[in-house]
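Asks:
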Amino acid sequence: MKFKTHHLVFNTKKRIDFINITQEVRKVIKESQIKEGLCLVNAMHISASVFINDNESGLHYDFENWLEKLAPHDPIEHYRHNDTGEDNADAHLKRQIMGREVVVAITDGNLDFGPWEQIFYGEFDGQRSKKILIKVIGE
Amino acid sequence: MKFKTHHLVFNTKKRIDFINITQEVRKVIKESQIKEGLCLVNAMHISASVFINDNESGLHYDFENWLEKLAPHDPIEHYRHNDTGEDNADAHLKRQIMGREVVVAITDGNLDFGPWEQIFYGEFDGQRSKKILIKVIGE
Amino acid sequence: MKFKTHHLVFNTKKRIDFINITQEVRKVIKESQIKEGLCLVNAMHISASVFINDNESGLHYDFENWLEKLAPHDPIEHYRHNDTGEDNADAHLKRQIMGREVVVAITDGNLDFGPWEQIFYGEFDGQRSKKILIKVIGE
Numbered sequence: 037m038k039f040k041t042h043h044l045v046f047n048t049k050k051r052i053d054f055i056n057i058t059q060e061v062r063k064v065i066k067e068s069q070i071k072e073g074l075c076l077v078n079a080m081h082i083s084a085s086v087f088i089n090d091n092e093s094g095l096h097y098d099f100e101n102w103l104e105k106l107a108p109h110d111p112i113e114h115y116r117h118n119d120t121g122e123d124n125a126d127a128h129l130k131r132q133i134m135g136r137e138v139v140v141a142i143t144d145g146n147l148d149f150g151p152w153e154q155i156f157y158g159e160f161d162g163q164r165s166k167k168i169l170i171k172v173i174g175e
Numbered sequence: 037m038k039f040k041t042h043h044l045v046f047n048t049k050k051r052i053d054f055i056n057i058t059q060e061v062r063k064v065i066k067e068s069q070i071k072e073g074l075c076l077v078n079a080m081h082i083s084a085s086v087f088i089n090d091n092e093s094g095l096h097y098d099f100e101n102w103l104e105k106l107a108p109h110d111p112i113e114h115y116r117h118n119d120t121g122e123d124n125a126d127a128h129l130k131r132q133i134m135g136r137e138v139v140v141a142i143t144d145g146n147l148d149f150g151p152w153e154q155i156f157y158g159e160f161d162g163q164r165s166k167k168i169l170i171k172v173i174g175e
Numbered sequence: 037m038k039f040k041t042h043h044l045v046f047n048t049k050k051r052i053d054f055i056n057i058t059q060e061v062r063k064v065i066k067e068s069q070i071k072e073g074l075c076l077v078n079a080m081h082i083s084a085s086v087f088i089n090d091n092e093s094g095l096h097y098d099f100e101n102w103l104e105k106l107a108p109h110d111p112i113e114h115y116r117h118n119d120t121g122e123d124n125a126d127a128h129l130k131r132q133i134m135g136r137e138v139v140v141a142i143t144d145g146n147l148d149f150g151p152w153e154q155i156f157y158g159e160f161d162g163q164r165s166k167k168i169l170i171k172v173i174g175e
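Which chain is which? The protein sequence lines are E, S and H, in order. All the letters of the first sequence, read from the start, carry residue numbers 37 to 175 under our numbering. All the letters of the second sequence, read from the start, carry residue numbers 37 to 175 under our numbering. All the letters of the third sequence, read from the start, carry residue numbers 37 to 175 under our numbering.
#1: Please report whether the beta-carbon of Phe-149 of chain E lies at a distance below 8 Å from any beta-carbon of chain S.
#2: Is the separation between the beta-carbon of Gly-94 of chain E and that of Val-172 of chain E shorter than 8 Å?
#3: Which partner residues of Ser-85 of chain H appear in the DSSP bridge assignment?
#4: Return the first residue and the last residue of the beta strand (DSSP E) that Gly-174 of chain S is part of.
#5: Under a CB-based cut-off of 8 Å, is Ile-168 of chain S close to chain H?
#6: Just the C-alpha distance for Ile-107 of chain S and Ile-82 of chain S, rounded to the nearest angstrom, thanks.
#7: So, does the CB of Ile-133 of chain H fall closer than 8 Å to a CB anywhere in chain S?
#8: Taking CB distances under 8 Å as the criterion, tell me whether Glu-159 of chain H reaches chain E.
#9: Less than 7 Å separating the Cβ of Pro-108 of chain H from some heavy atom of the ligand FMN?
#10: Could you list which residues in chain S have their beta carbon closer than 7 Å to that of Glu-95 of chain E, in chain order?
#11: Check whether the region 154-166 of chain H and the region 114-122 of chain S touch, using three or more Cβ-Cβ pairs below 8 Å as the test.
#12: Considering only residues of the region 108-163 of chain S, which uninterrupted alpha helix (DSSP H) runs meet the minimum length of 4 residues and lie entirely inside it, listed in chain order?
#13: Contact criterion: CB-CB distance below 8 Å. Does Glu-153 of chain H meet it with respect to chain E?
#14: Can you name the residues of chain S whose CB is closer than 9 Å to the CB of His-42 of chain H?
#15: CB-CB under 7 Å to His-43 of chain E, same chain, minus the five flanking residues each way: which ones, in chain order?
#16: So, at 7 Å on beta carbons, what are the nonlocal neighbours of Asp-123 of chain E in its own chain, with the 5 sequence-adjacent residues on each side left out?
#17: Thinking Thr-48 of chain E and Gln-154 of chain E are a contact (beta carbons under 8 Å), I'd like their distance in whole angstroms, please.
#18: Output yes or no for whether 8 Å exceeds the beta carbon distance between Gly-135 of chain S and Ser-85 of chain S.
#19: Do Trp-102 of chain H and Leu-129 of chain E have their CB atoms nearer than 8 Å?
#20: For Asp-119 of chain S, which residues of its own chain have a beta-carbon under 8 Å away from its beta-carbon, when the five flanking residues on both sides are left out?
#21: Would you tell me roughly how many angstroms separate the C-alpha atoms of Ile-70 of chain E and Gly-145 of chain E, rounded to the nearest one?
If you want it as structure tokens, here you go:
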């Protein structure tokens, strides 16, 4: 059995952002020399997501707009979590809809993906340094 | 270590549909001869889901009704993604709520499931051929 | 390859509740003697969740309040699932937002976690005995 652990670090300029990390994940899988197995990719911070969807900027605009309706940032006082001095309660909620992690299959040494699948880091409370974990296991 | 990779193909008659795939997953696990391990089941298309919930038609009606409220199909022009010529932005959103994948445990050669757990393919933009991936790893 | 399977049982006093299970998961990982691998933690019932977020009581209040808006319990007659005699259709919906399972990495024999990550059992139809599965695989 083989294993590989790798971290990515992001510090987005915007509070909310979506970053395509598919090539970084492919690179880690290649370096692991694992031909058959599973790869976990997860946000290590609880106001961010890792998810798989379309690499299309219009859809990313729709995601942001939609999440803002389902879990609005304002009014900040609406959330008890923000009584602690934070203003990011909405980010914790948005992350639940978009998910913390993805688990992807490795077949013949590559991501076993459909034609449109791309992996994204979803940031909901950015402008500070945050980490992603990539863990590959297999043979 | 043992591995097995299997694909299922669906072409639903309706745009939105839920299909029980539990028996197909059990069959792949049995064929893999893996006694202890993990099984990943994921939609390979980004407007569809794999999820675990109840095999009850009333609940499936409720899911469809609820998802339509949270992420309405119409008006199509509401979504920037649909400026590309697509009309399925809502399907990309619905899939985020229902999830892309499930990871299930294999114990003693079987799905290690609670009494009501059933695996479903959730289609949100059907009437065309789409794939699911089943990947089993273990020993 | 090593494996460990463990179950936790909960019977919450309240219908909706969030219980921190991080220490229980750490204990199972330690007992497994697995140094590198993956750990799946999932609800075995379909009206409950396992998720990772902040251990902050204000946020948990916000989660409950928010989920009640997105998938209200009342009126019970609103849901076809409740025509079966159940009153928990909303719990099946809430669980889809919060998720069924988490998959976490094990590195150097420990949970490979960010600074604020904690694992929670999310109960949406409690006051009866329900189970969680912890499955560890690795080496």
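Idealized CB from N, CA, C, for every residue including glycine.
Replies: This is what the structure gives:
#1: What you label residue 149 of chain E is simply residue 113 of the first sequence in a count that begins at 1. With its beta carbon less than 8 Å from one in chain S, Phe-149 of chain E belongs to the interface.
#2: As a first step, residue 94 of chain E is located in the first sequence; it is residue number 58 there, counting from the start. As a first step, residue 172 of chain E is located in the first sequence; it is residue number 136 there, counting from the start. No, the Cβ-Cβ distance between Gly-94 of chain E and Val-172 of chain E is not below 8 Å.
#3: Here residue 85 of chain H is taken as the residue at index 49 of the third sequence, counted from 1. DSSP, once it has assigned bridges, lists H:Gly-158 as partnering Ser-85 of chain H.
#4: As a working mapping, residue 174 of chain S is identified with position 138 in the second sequence. In this chain, the beta strand (DSSP E) harbouring Gly-174 of chain S covers 166-174.
#5: To locate residue 168 of chain S, count along the second sequence from 1; it is residue 132. Closer than 8 Å: no.
#6: For the purposes of this step, residue 107 of chain S is taken as residue 71 along the second sequence, with counting starting at 1. For the purposes of this step, residue 82 of chain S is taken as residue 46 along the second sequence, with counting starting at 1. Correcting the residue identity first, residue 107 of chain S is Ala in this sequence and not Ile. Spanning the two alpha carbons is a distance of roughly 15 Å.
#7: Stepping through the third sequence from its first residue, residue 133 of chain H is reached at position 97. It does; some Cβ of chain S falls within 8 Å.
#8: Within the third sequence, residue 159 of chain H is the residue found at index 123, counting from 1. Judged by the 8 Å Cβ criterion, Glu-159 of chain H is not in contact with chain E.
#9: As far as ligands go, the structure on display features none, and thus does not contain the ligand FMN.
#10: In the first sequence, the residue the question calls residue 95 of chain E occupies position 59. It is Leu, not Glu, that sits at residue 95 of chain E in the sequence shown. Within chain S, the C-beta atoms nearer than 7 Å to that of Leu-95 of chain E come from His-117, Ala-125 and His-128, in chain order.
#11: No: fewer than three Cβ pairs fall under 8 Å.
#12: Whole alpha helix (DSSP H) segments, 4+ residues: 125-134.
#13: The count along the third sequence starts at 1 and reaches residue 153 of chain H at position 117. Answer yes: the Cβ-Cβ gap between Glu-153 of chain H and chain E drops below 8 Å somewhere.
#14: Taking the third sequence and counting its residues from 1, one reaches residue 42 of chain H at position 6. Neighbours of His-42 of chain H on chain S: none; closest Cβ ~11 Å, over 9 Å.
#15: As a first step, residue 43 of chain E is located in the first sequence; it is residue number 7 there, counting from the start. Around His-43 of chain E: Lys-167, Ile-168 and Leu-169.
#16: Working through the first sequence from its first residue, we reach residue 123 of chain E at position 87. The residues are Ile-112.
#17: Looking up residue 48 of chain E in the first sequence gives position 12. Looking up residue 154 of chain E in the first sequence gives position 118. The distance from the Cβ of Thr-48 of chain E to that of Gln-154 of chain E is about 18 Å, inconsistent with a contact at the 8 Å cut-off.
#18: Along the second sequence, read from residue 1 onward, the residue named residue 135 of chain S stands at position 99. Along the second sequence, read from residue 1 onward, the residue named residue 85 of chain S stands at position 49. Yes, the Cβ-Cβ distance between Gly-135 of chain S and Ser-85 of chain S is below 8 Å.
#19: Numbered from its first residue, the third sequence carries residue 102 of chain H at position 66. Numbered from its first residue, the first sequence carries residue 129 of chain E at position 93. Yes. Within cutoff.
#20: By one-based count along the second sequence, residue 119 of chain S stands at place 83. Excluding residues within five positions, none has a Cβ falling inside 8 Å.
#21: Counting from one through the first sequence, the residue named residue 70 of chain E turns up at place 34. Counting from one through the first sequence, the residue named residue 145 of chain E turns up at place 109. Answer to the nearest angstrom: the Cα atoms are 6 Å apart.
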